[in-house]
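In my numbering, each residue carries its 1-based index in the sequence shown increased by 871.
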Amino acid sequence: MAVFNQVEFDNHEQVVFCSDEKSGLKAIIAVHNTKLGPAVGGCRLWDYAEDQDAVYDVLRLSKGMTYKNAVARLPFGGGKSVIIGDAKTVKSEALFRAFGKHLERLGGSYYSAEDVNITTGDVMMMHKETNYVLGLEGKSGNPSPFTALGTFLGIKAAYQHKHGHQDLSGVKVSVQGLGAVAYSLCKYLHEAGAQLFVTDINEASVARVVNDFNATAVAIDEIYDLDVDVYAPCALGATVNDETIPRIKASIIAGCANNQLAEPRHGDVLREKGVLYAPDYVINAGGIINVYYETKPEGYDEALATKHVEGIFDTLAEIFKRSDDEQKSTHVIADELALEIIENGL
Ligand code: NAD
872 MAVFNQVEFD
882 NHEQVVFCSD
892 EKSGLKAIIA
902 VHNTKLGPAV
912 GGCRLWDYAE
922 DQDAVYDVLR
932 LSKGMTYKNA
942 VARLPFGGGK
952 SVIIGDAKTV
962 KSEALFRAFG
972 KHLERLGGSY
982 YSAEDVNITT
992 GDVMMMHKET
1002 NYVLGLEGKS
1012 GNPSPFTALG
1022 TFLGIKAAYQ
1032 HKHGHQDLSG
1042 VKVSVQGLGA
1052 VAYSLCKYLH
1062 EAGAQLFVTD
1072 INEASVARVV
1082 NDFNATAVAI
1092 DEIYDLDVDV
1102 YAPCALGATV
1112 NDETIPRIKA
1122 SIIAGCANNQ
1132 LAEPRHGDVL
1142 REKGVLYAPD
1152 YVINAGGIIN
1162 VYYETKPEGY
1172 DEALATKHVE
1182 GIFDTLAEIF
1192 KRSDDEQKST
1202 HVIADELALE
1212 IIENGL
């Protein structure tokens, strides 16, 4: 099995394989880069078919956190962890406490938090063994409204860049996925006068947004074919791909989902097509920015967190401008900006 030569390895500082026989814990903690501060990134619980898939996932996600935290101008490095197992059967206090002990052993080079299939309750169980966890109950709270605010401001920044103003009244926006983040995003968009076209696999989520924000419901697959100004992917990754790009009529793609481009080259295809893409890890950083404010010695301050999240508008405006000036795709500029910040400091 390739390790150091694997593309995703990308000079990870440390990768730790963890196990605990009694609780059945099998986990991997990846610390990609700690130049700007301790590595921070959530813990994902997933039933990987092969161990190699878990290694690939954790390395890719951990590197992504280095870039995301840097561009959000947080004093955090990048890291991530995965626990291998079926979320329906593997969860127990013993398992999360065993994982917490492994976090403790790392001595603060990595802080964990929620991610797919991990709740704040699970993180509280890890916390019984370690302080190296973030996003705790009773602290910064639910990150989703902050992710929604950043995404809304990101859509405005994109609209400003394309059209020279930020007035979204009458602007048609399609929203794919109507979960925790997208519900708040739809509220912001509706209040700004946008016309919403929405879809979700969960009918109740659709009904709520149709009712609350006068949105138009569309079929799951129809979302790519709509004649809209903005497409906001807020559910799955890889929805911007060879099959969907020819169908997308929006001139802006800006949403909260992670890993929106199926492959990096799709960012170049969008640019050639004249579609302005707001890089996912830049526009969806509101949640991690909010979490950062619970680490402040003086305590969490919602007003300061909100002000920092509002900076996503300016960061995206800078990326869009540089993309034009340097004739490079926005996802490439975002990565370059991250590397500059890591090299030169915050
Ligand atoms: P969520 O689970 O609350 O919502 C996701 C929604 O997508 C659900 O309503 C689900 O039914 C729907 N969905 C799933 N498959 C679909 C499909 N094929 N078509 C349409 N809808 C579908 O999750 P969330 O917290 O709102 O996060 C949404 C996205 O944003 C995810 O990609 C997540 O990784 C990313 N993100 C979230 C945060 C945060 O603060 N919650 C931060 C950064 C990134």
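Even for Gly, the Cβ is constructed at its ideal location relative to N, Cα and C.
Predicted model, so just to flag it, every value in this text is computed and none were measured.
Would you check whether the ligand NAD has a heavy atom nearer than 7 Å to the C-beta of residue i?
i	result
Gly1006	no
Ser1045	no
Just to confirm, are residue i and residue j a CB contact at a threshold of 8 Å?
i	j	result
Asn1161	Ala1176	yes
Cys1057	Phe1084	yes
Leu974	Met996	no
Ser894	Leu966	yes
Ala984	Val953	no
Ser980	Lys951	no
Asp986	Gly913	yes
Gly1138	Val1203	yes
Pro909	Leu1217	no
Asn1112	Ala1090	no
Ala943	Ala1205	no
Ala1149	Ala1188	no
Leu969	Asp891	Checking the sequence shown, residue 969 turns out to be Ala, not Leu. Yes.
Glu884	Asn904	yes
Thr1070	Val1077	yes
Tyr982	Ala1209	no
Arg915	Asn988	yes
Gln955	Tyr927	A small correction: the amino acid at residue 955 is Ile; Gln does not occupy that position in the sequence shown. Not closer than 8 Å, so no.
Asp993	Lys972	no
Ala1106	Ile1026	no
Ser1194	Thr1201	yes
Ala941	Ile1123	no
Val911	Ala901	no
Tyr1164	Asp1172	yes
Quick one: what's residue i bridged to in DSSP?
i	result
Asp891	Leu896
Val1004	Ser983
Cys914	Ser952
Lys1043	Gln1066
Lys1147	Note on identity: in this sequence residue 1147 is Leu, with Lys being the wrong assignment. In DSSP, Leu1147 forms a bridge with Ile1123.
Tyr1059	None, per the DSSP bridge assignment.
Pro1104	Gln1047
Thr1087	Phe1068
Gln885	Val902
Leu1132	Val1111
Between the options, which has its C-alpha nearest residue i's C-alpha?
i	options	result
Cys1127	Ile1116, Ala1051, Asp1172	Ala1051
Phe1023	Ile1183, Phe1191, Ile1212	Ile1183
Phe888	Ile899, Pro1168, Asn882	Ile899
Glu1214	Pro1014, Asp1195, Asp881, Lys906	Lys906
Leu1060	Leu1020, Ala1149, Asn1082	Leu1020
Leu1147	Arg1118, Asp922, Ala1029	Ala1029
Gly1063	Asp1100, Tyr1054, Gly1041	Here residue 1063 turns out to be Ala, not Gly, going by the sequence shown. Comparing Cα positions, the closest option is Gly1041.
Thr1110	Thr1166, Val1089, Gly1048	Gly1048
Lys1033	Arg944, Arg1142, Ser1055, Ser1076	Arg1142
Tyr1095	Val1081, Ala1121, Arg1079	Ala1121
Asn1013	Asp1195, Ile1026, Gly1158	Gly1158
Asp1038	Asp1100, Val1153, Lys1199	Asp1100
Val1153	Leu896, Met936, Asn876, Val874	Met936
Ala1015	Val1180, Asn1130, Lys1192, Pro1117	Note that residue 1015 corresponds to Ser in the displayed sequence, not to Ala. Of Val1180, Asn1130, Lys1192, Pro1117, the residue nearest in Cα terms is Val1180.
Thr1087	Lys1027, Asp922, Lys1178, Ser1045	Ser1045
Lys1010	Lys1043, Lys897, Glu1211, Lys1167	Lys1167
Asn1129	Pro1117, Gly1108, Pro1135	Gly1108
Asp1151	Tyr1163, Pro1135, Tyr1164	Pro1135
Glu1114	Asp1098, Val1140, Ile1123	Val1140
Ile1072	Asp1092, Ala1065, Gln1131	Asp1092
Glu964	Gln1031, Gln1131, Glu1000, Gln923	Glu1000
Ala1065	Arg1079, Lys1043, Tyr1054, Ser1055	Lys1043
Exercise for the section: With the ligand NAD as the reference, list in chain order each residue whose Cβ lies under 6 Å from any of its heavy atoms. Expected result: Pro1014, Ser1015, Thr1018, Gln1047, Gly1048, Leu1049, Gly1050, Ala1051, Val1052, Ala1053, Thr1070, Asp1071, Ile1072, Asn1073, Ser1076, Ile1091, Cys1105, Ala1106, Leu1107, Cys1127, Ala1128, Asn1129, Asn1155, Gly1158
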